[in-house]
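Numbering (the numbering used here), first residue to last: 1 to 463.
Note that CB positions come from ideal geometry on N, CA and C, so glycine has one too.
Fair warning: this is a prediction, and the values are worked out from it, not measured in the lab.
Accompanying notes for the structure given below.
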Ligand code: LLP
């Protein structure tokens with residue numbers, strides 16, 4: 001295919017339309033280490049590689065679209081969280097970001113615990129050998145059968161999310177002749193600075209029990225009375241993709257306030273608090289995420305200070321990062337299909353996936369970056385919108401980004417930082433098949449979640 005098969009689209013900064021982008025980068029061939037997994041690099045022949053294997057070889061072997069996870073990077077990030085929080089705290093990886101059996105094994109080996117929020121995630125965790133006592137079970141509407149399975153398996157904690165669930169879990173535990181360790185999830189009334197759909201600590205939403213109006217204190221009163229429950233702590237999760245730690249500090253302050261109230265009212269000092277997940281990552285070069293050790297220091301200091309003031313023994317802290325561990329470790333590799341330059345607007349670049357493998361742009365206006373990875377190019381920057389193959393105009397993967405103007409069908413482009421909430425939120429819209437997840441490490445690549453097939457689709461269709 002000729003590289004000049006399409007007429008020139010808009011290219012220069014002075015003719016660019018409005019959009020969410022900064023000026024074109026000085027060099028489109030440079031990969032910003034902020035947004036790419038640790039072992040990603042451009043080889044001397046210009047092709048990008050991960051874990052020592054170039055993307056042309058990966059595309060040949062595994063096809064496109066596909067997610068490639070840098071296993072060494074995943075393990076390094078998991079370890080960094082573990083080390084930052086030390087022996088007096090627990091790190092629960094939030095499986096909703098991305099979960100597979102290989103991931104469960106990596107987490108287990110790196111000493112992390114696991115947060116699951118459905119029967120399916122629990123089954124994945126148990127089947128890959130995560131010890132049940134290192135699993136926390138979340139969710140605002142767990143079914144009776146999910147609760148029963150979790151209690152029977154012996155999960156380390158169930159995070160109670162409503163008054164009904166307090167009673168439900170207590171009854172199930174009692175009927176199984178056991179006492180279930182539980183935390184109560186509270187909403188602390190913090191406005192986290194993130195997209196409305198992923199903010200969870202303001203009162204007007206479905207998660208948790210509000211501290212305001214004494215509801216959380218009442219939940220504690222009830223839980224303490226029930227024989228089937230062992231109340232070990234209070235849980236707060238304020239939202240997701242957050243850069244500013246002040247929300248966590250307010251949350252810690254309010255949770256410790258509740259611990260003090262519980263001590264004063266019941267004479268009980270709860271031994272644990274969980275401050276949830278939510279730490280942001282860099283999707284583009286404009287994002288500046290905090291490091292795990294900074295977060296650990298800030299959270300530990302605030303909890304210790306608040307406890308000192310309240311004359312409470314400092315509780316054991318746990319956190320639940322999902323995105324911050326897996327997000328930066330993967331990219332999605334696509335093949336360019338059609339290219340449409342629209343005069344005075346931008347050039348639409350269609351790839352062989354789309355909103356079925358990355359719904360985040362359509363759902364949250366998420367911003368991503370993109371690079372040509374199968375070769376370098378000295379062509380000038382062209383303002384592009386990377387779109388998918390779905391029957392929907394909102395099917396956008398990268399809203400505004402610069403790609404070289406000689407981009408052509410058959411080129412490979414990659415979108416970095418797609419490890420979290422992309423494969424885990426993938427769909428079959430338009431009966432498009434969900435891509436595989438391939439782990440790459442030290443010159444070896446292996447499929448950890450295989451590509452969906454048309455047989456898979458037809459097997460479910462039993463009409
Ligand atoms: N703990 C709890 C109780 C949660 O609800 C969540 C995320 C986490 C931990 C992990 O949050 P993370 O560290 O990954 O931000 N689909 C959205 C994100 C939804 C987050 C739901 N809960 C997205 O793609 O941005």
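Checklist entry - How many whole angstroms separate the CB atoms of residue 67 and residue 447, which I take to be in contact at a CB cut-off of 8 angstroms? => result Their Cβ separation, rounded to whole angstroms, is 11 angstroms, which puts residue 67 and residue 447 out of contact at 8 angstroms.
Checklist entry - Which residue from 99, 44, 80 puts its Cα closest to that of residue 111? => result 80
Checklist entry - Should the segment 116 to 136 be regarded as contacting the segment 154 to 171, the criterion being three or more beta carbon pairs within less than 8 angstroms? => result yes
Next on the checklist: Suppose only complete runs of 4+ residues qualify. What are the alpha helix (DSSP H) ranges in the segment 20 to 94, listed by chain order?
Outcome noted: 55 to 62, 71 to 85
Checklist entry - According to the neighbour-count rule (16 or more other Cβ atoms, all chains shown, within 10 Å of its Cβ), is residue 143 buried or exposed? => result exposed
Checklist entry - With C-beta atoms as the reference, is residue 69 less than 9 angstroms away from residue 439? => result yes
Checklist entry - Roughly how far, in whole angstroms, is the beta-carbon of residue 329 from the beta-carbon of residue 92, given that I think they are within contact range, below 8 angstroms? => result The Cβ separation is near 18 angstroms, so there is no contact.
Item to check | C-alpha gap between residue 56 and residue 243, whole angstroms | outcome: 35 angstroms
Checklist entry - In three-state terms, what does DSSP make of residue 127? => result helix
Checklist entry - On the three-state DSSP scale, how would you describe residue 12? => result Since pLDDT at residue 12 reaches only 46, below the 50 mark, its modelled position is unreliable, and no value is offered.
Next on the checklist: Taking a contact to mean a Cβ-Cβ separation below 9 angstroms, would you say residue 166 touches residue 226 in this structure?
Outcome noted: yes
Item to check | Cα-Cα separation, residue 35 to residue 325 | outcome: 13 angstroms
Item to check | Closest Cα partner of residue 107 within the set 87, 128, 89 | outcome: 128
Item to check | Residues near residue 457 by beta carbon distance below 8 angstroms, same chain, minus five either side | outcome: 428, 431, 433
Next on the checklist: By alpha-carbon positions, which one of 214, 217, 188, 218 ends up nearest to residue 204?
Outcome noted: 188
Checklist entry - Where do the ends of the alpha helix (DSSP H) carrying residue 292 lie? => result 292 to 310
Item to check | Option nearest residue 371 by Cα separation, candidates 125, 28, 21 | outcome: 28
Checklist entry - Where residue 383 and residue 310 are concerned, what is the direct C-alpha to C-alpha distance, given to the nearest angstrom? => result 56 angstroms
Checklist entry - If you count every other CB in all the chains shown that lies within 10 Å of the CB of residue 391, and 16 or more means buried, which is it? => result exposed
Checklist entry - Name the DSSP bridge partner or partners of residue 273? => result 234, 317
Next on the checklist: For the beta strand (DSSP E) containing residue 383, name the first residue and the last one.
Outcome noted: 381 to 387
Checklist entry - Is any heavy atom in the ligand LLP found nearer than 8 angstroms to the beta carbon of residue 321? => result yes
Checklist entry - How would you call residue 467, buried or exposed, if buried means at least 16 neighbouring beta carbons within 10 angstroms? => result This structure cannot speak to residue 467, because the chain is shown only from 1 to 463.
Item to check | Backbone secondary structure at residue 463 - three-state DSSP | outcome: coil
Checklist entry - How about residue 417: is its Cβ closer than 8 angstroms to a heavy atom in the ligand LLP? => result no
Checklist entry - To which residues of the same chain is residue 249 closer than 6 angstroms at the C-beta, ignoring the five residues directly before and after it? => result 302
Item to check | residue 417 versus residue 40: straight-line alpha-carbon distance, rounded | outcome: 12 angstroms
Checklist entry - Taking the alpha-carbon positions, what's the residue 240 to residue 323 distance? => result 8 angstroms
Next on the checklist: Closer than 8 angstroms to a non-hydrogen atom of the ligand LLP - does that hold for the CB of residue 263?
Outcome noted: no
Checklist entry - Anyone know if the C-beta pair for residue 315 and residue 259 falls short of 9 angstroms? => result yes
Next on the checklist: Does the distance between the C-beta of residue 247 and the nearest non-hydrogen atom of the ligand LLP fall short of 8 angstroms?
Outcome noted: no
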